[in-house]
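Just below is one structure, and these are the notes that go with it.
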Amino acid sequence: MLFLLFGALIMTASFGVTDMLINKPDNFIINPKYTTLIIGHSHPECSMNDSIIRHSLNLAQSGESYFYSFIKLKKLLESNPNIKRVLVEFTNNCITQEMDTWTYANKYLLYRYPKYSAMMNWDANAELFLHNPKGVINAQSLAIKTKLKYLLTHQDNFVKEADWGKYEGLNHTLTSEDSLKATASYDSMTVTGISEVNLRFLKKITELCKHQNVDIILIRSPQNPSYPLYQNEAVFLDILNKRLPGIKFLDYHNLQIPLDEFADLEHLNAKGSARFSMALDSVLNSN
Amino acid sequence: MLFNSIDFALFLPIVYCLYWLLAKKKLKIQNILLLIASYFFYACWDWRFLFLLMFSTFLDYYTGIKINDSTSTTARKTWLIISVIINLGFLVSFKYYNFFVDSFAAVIEPFGFNPNFSTLNVILPVGISFYTFHGLSYVFDIYNRKITPTTNFVDYSLFVSFFPLLVAGPIERATHLLPQVKSPRKFDSVKTIDGLRQILWGLFKKIVIADNCAEYANQIFNNSGDYSGSTLVLGALFFTIQIYCDFSGYSDIALGVARLFGFELLRNFAYPYFSRDIAEFWRRWHISLSSWFRDYLYIPLGGSKGGMWMKVRNTFIIFIVSGFWHGANWTFIIWGALNAIYFLPLLLSNRNRTNLEIVAMGRYFPSLREFLGMTVTFSLTVFAWIFFRAENVGHALSFISAIFKPSLFSIPVIFPLGIIALIGFFFFIEWLGRGNQYAIAAIGHRWPIAIRWTFYYGLLALVFFSSGKEQQFIYFQF
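Quick mapping for you: the protein sequence lines, in order, are chains A and B. Quick note: the first sequence uses the numbering used here, first residue 2, plus one each step. Quick note: the second sequence uses the numbering used here, first residue 192, plus one each step.
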């Protein structure tokens, strides 16, 4: 019994110590030239080229729900007072129940928990544990491995070494045949239900930005007109108006983008991203 | 639920506490509790096959009584045959039907026939090969008058379904386990600590060694056409270590868990990779299965008595059946046949019962002769494991032919130094502990407590760092 108790003590201490060492502000300092942060999932990850949008750093990442984006943003804003503006992707799929899966399901949790666990408070851990206790327990060994690897071998900051996201230019080109096939594959998809957890954390993101005097802009990246998730457009706009009043929203979903500048129905390829990023840059940096 | 899962980590302490605290000295309640826990454990895999397990249990319980109560040899034999046919019928249907259908079609196709047999799309019930053999050993022992049947259905059901051994063995004998089921068990802190220690070693073998080896073995075997001969050899070595650590690790956990409840299960592995010849290897590898085949197949066929051809026949039968038991694929049959070929020269020259003692006992190093014996035996088993792991015979043959090319002498393109160091550490510990039931049974008993605990914490830390994704035990597919 003493062996088990002592072991539990060592484990708790090691988690605490590694978290403390990781959470030093120095580990999250980004280049002060960046005054705009881009967060969200794969849409902004592929569509917003931070080499074109001046003074911006794209930290969006595929499959990331607002729960993880909030944790990431909170830490970055604490450590980087130079950030004056945050661009957050808000699009049709951000309100669907799929986002619950992105938050709690094993595949996503096991990938993201190691990246963000050091920054998670009790509430965040409880949020995950209540919905997926096994996933959280399984993620502990991955989390501590990530932290120890960083502490022992890091050459750069935690943002880079834990891969918190970056712009990814896609090379694939959508053809009209691809478009038809992709539309057909979506046909059976029903867009029912709303992800309350995702909307709750989007709200937290807006409140965090307000509290930190940081400008927040919601952006809907260009999507192919055949994108099937437009079927929830009415609900999407309703949520935008009722739950996010007063938050600036730049809607580019209808931006004229040629078919061959899409990689698929919801992601721009590098060419499309360049077009969109230039348009966005001209709006953001015109003042 | 897997032994290396959160579910089991919750399940075990609950059952343990209920068993020792609530059931206390009441044997009947302890057995009922363990039986319910065992059925729950099995149902977590697939509740539908729980009924198959229960049916198989009842069948052998009933036929065991009937065999014992029958006075005529014909009646006794009839009941035995009923049990064997029904049990093996289920096993063959679930496990081998598609194999026989596909193989038959492959044989008659060259003659111009185009059969269109339908194959079954069935899930293989977890552990069917193991609990079927449990039950069969029981009826065989009754038939051979080694035991009398139990009239306590709960006790018998627990013997068949005891959760530590239910899904991947060891294959217990009624003569060994049933008396323990029927006897009161007392809490013993020394046995509890020993059980926990064996569980720890089993987890280390499975999670740290086997799962890490699996990653590289799978990568190399699944893309064998892309790698050099030396890398393919490394792949075969990784699989050799993977299958040993996976299976023996599971057995260690099973034995350790059983000891927590006051049971001693049959030892299943005795450091087979330190064997000096193939006969010794088969006395040390999957002992419960090989002894089952020896007692219930080999000896009834005549064993090694009779002329040379009978010995050859019986040896091939037992090894091929053993291979076939592992799976419905020609690769397993070839694996078994290869081992028969390895074994026969020793049998025919009456050298299959040498090397009975532990290698280099009392010494740190083996003699040159022992070392050469171990190296040759290990190499032969690695070669045979290629067939065991390959997807089909063609894959195995192309794998082997790709090894014997000039690239055999190149540096392997995959060379994970960390894992290889861990494997080295593992075999070092196994070598030191080869005289014990499991490698760390007696390690550190003379060390100061701080150093001993540091060693155990070190193993735990390695297990913890290597976990995070559950990989199923290989032998569950059998």
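Backbone N, C-alpha and C define an ideal beta-carbon position, used for all residues, glycine too.
Please tell me whether residue i has its Cβ less than 9 Å away from any Cβ of chain B.
i              : result
G247 (chain A) : no
F16 (chain A)  : no
Q141 (chain A) : yes
M279 (chain A) : no
K148 (chain A) : no
K116 (chain A) : no
F4 (chain A)   : yes
M1 (chain A)   : With chain A running from 2 to 288 in the structure shown, residue 1 (chain A) is simply not present.
I39 (chain A)  : no
I138 (chain A) : yes
A96 (chain A)  : Contrary to the premise, residue 96 (chain A) reads as Ile rather than Ala in this sequence. So, not an interface residue.
I23 (chain A)  : no
P134 (chain A) : yes
I206 (chain A) : no
I220 (chain A) : no
I54 (chain A)  : no
I145 (chain A) : yes
If you drop the 5 nearest sequence neighbours on each side, which residues of the same chain put their C-beta closer than 8 Å to that of residue i?
i              : result
I96 (chain A)  : I195, S196, N199, L200, N233, V236, F237 and I240
N133 (chain A) : Y105, A106, N107 and L110
E661 (chain B) : Reliability fails at E661 (chain B), whose pLDDT of 47 lies under 50, so the model's placement of it is uncertain and the value that follows must be treated cautiously. If we look at E661 (chain B) and ignore the five residues flanking it on each side, its Cβ neighbours are L193, N195 and S196.
E46 (chain A)  : N59, A61, Q62, S63, G166, K167, Y168 and E169
V345 (chain B) : K219, N222, I223 and L226
A575 (chain B) : W526, L529, N530 and Y533
S601 (chain B) : S419, G420 and S421
S320 (chain B) : L282, K286, W516 and F669
L271 (chain B) : T254, I258, V330, F331 and Y334
If you follow the beta strand (DSSP E) that residue i is in, where does it begin and where does it stop?
i              : result
F655 (chain B) : Unbroken run through F655 (chain B) is the alpha helix (DSSP H), I640 to S657; no beta strand (DSSP E).
N343 (chain B) : That residue, N343 (chain B), is in no beta strand (DSSP E); it is neither H nor E in DSSP.
T506 (chain B) : T506 (chain B) -> not in any beta strand (DSSP E); alpha helix (DSSP H) instead, spanning M499 to H517.
S57 (chain A)  : S57 to N59
T174 (chain A) : Here T174 (chain A) belongs to no beta strand (DSSP E), and DSSP marks it neither H nor E.
L38 (chain A)  : T37 to I40
Could you tell me how far apart the beta carbons of residue i and residue j are, in whole angstroms, since I believe they sit closer than 8 Å?
i              : j              : result
V654 (chain B) : L394 (chain B) : 5 Å
I40 (chain A)  : L3 (chain A)   : Wrong, their Cβ atoms sit about 47 Å apart, outside the cutoff.
S118 (chain A) : S658 (chain B) : Incorrect: roughly 16 Å between the Cβ atoms, too far for contact.
E65 (chain A)  : H42 (chain A)  : 5 Å
P355 (chain B) : L209 (chain B) : Between L209 (chain B) and P355 (chain B) the Cβ distance is about 16 Å, and since that is not below 8 Å, they are no contact.
L230 (chain A) : I248 (chain A) : L230 (chain A) to I248 (chain A), Cβ: 21 Å. No contact.
Output needed for residue i: all residues of its chain with C-beta closer than 6 Å, excluding positions within five of it in sequence on either side, in chain order.
i              : result
R364 (chain B) : S328
L492 (chain B) : N505
Y347 (chain B) : Y252 and T341
A445 (chain B) : P355 and L356
G136 (chain A) : N107 and L110
N21 (chain A)  : Here the sequence assigns Met to residue 21 (chain A), which means Asn is not the residue at that position. Contacts found: none.
Below 7 Å CB to CB, which residues in the same chain sit around residue i once its five sequence neighbours on both sides are set aside?
i              : result
Y747 (chain B) : The question about residue 747 (chain B) has no answer here: the residues shown for chain B are numbered 192 through 669.
I53 (chain A)  : A275, S278, M279 and D282
Counting only beta-carbon atoms, is residue i nearer than 9 Å to chain A?
i              : result
D385 (chain B) : no
C208 (chain B) : no
W644 (chain B) : yes
E661 (chain B) : Note that E661 (chain B) scores 47 on pLDDT, short of 50, meaning its location in the model is unreliable; the coordinates nonetheless yield the value given after this. Yes - at least one Cβ of chain A is within 9 Å of the one on E661 (chain B).
Y487 (chain B) : no
D198 (chain B) : yes
F656 (chain B) : yes
S629 (chain B) : Reading the sequence as shown, one finds Tyr at residue 629 (chain B) and not Ser. Chain A contact via Cβ: absent.
Y648 (chain B) : yes
Return the first residue and the last residue of the alpha helix (DSSP H) that residue i is part of.
i              : result
E162 (chain A) : F159 to E162
V284 (chain A) : A271 to L285
R86 (chain A)  : From DSSP, R86 (chain A) is part of no alpha helix (DSSP H) but of the beta strand (DSSP E) over R86 to E90.
L260 (chain A) : Looking at the DSSP string, L260 (chain A) is not in any alpha helix (DSSP H), and its letter there is neither H nor E.
I525 (chain B) : W521 to L539
E300 (chain B) : Counting along the chain, E300 (chain B) falls outside any alpha helix (DSSP H), and DSSP gives it neither H nor E.
Who are the neighbours of residue i on chain D, taking C-beta pairs under 7 Å?
i              : result
L651 (chain B) : Note that chain D does not occur in the displayed structure, where the protein chains are A and B.
**Prompt:** Which runs of the alpha helix (DSSP H) spanning at least 4 residues fall entirely within the stretch 203-250 of chain A, listed in chain order?
**Reply:** Whole alpha helix (DSSP H) segments, 4+ residues: 234-244.
**Request:** Run through the stretch 355-426 of chain B for me and flag every whole beta strand (DSSP E) of 3 or more residues, listed as ranges in chain order.
**Result:** As far as the stretch 355-426 of chain B is concerned, it has no whole beta strand (DSSP E) run of at least 3 residues.
**Prompt:** Fully enclosed by the stretch 218-274 of chain B, which alpha helix (DSSP H) runs are 4 residues long or longer?
**Reply:** The qualifying runs are 218-237 and 241-260.
**Item:** beta strand (DSSP E) segments (min. 3 residues) lying fully within the stretch 421-506 of chain B
**Value:** Fully enclosed beta strand (DSSP E) runs of 3 or longer: not present.
**Request:** Go through the stretch 557-626 of chain B residue by residue and report every complete run of the alpha helix (DSSP H) that reaches 4 residues or more, in order.
**Result:** Counting only runs of 4 or more residues that sit fully inside the stretch 557-626 of chain B, the alpha helix (DSSP H) segments are 559-580, 584-594 and 608-623, in chain order.
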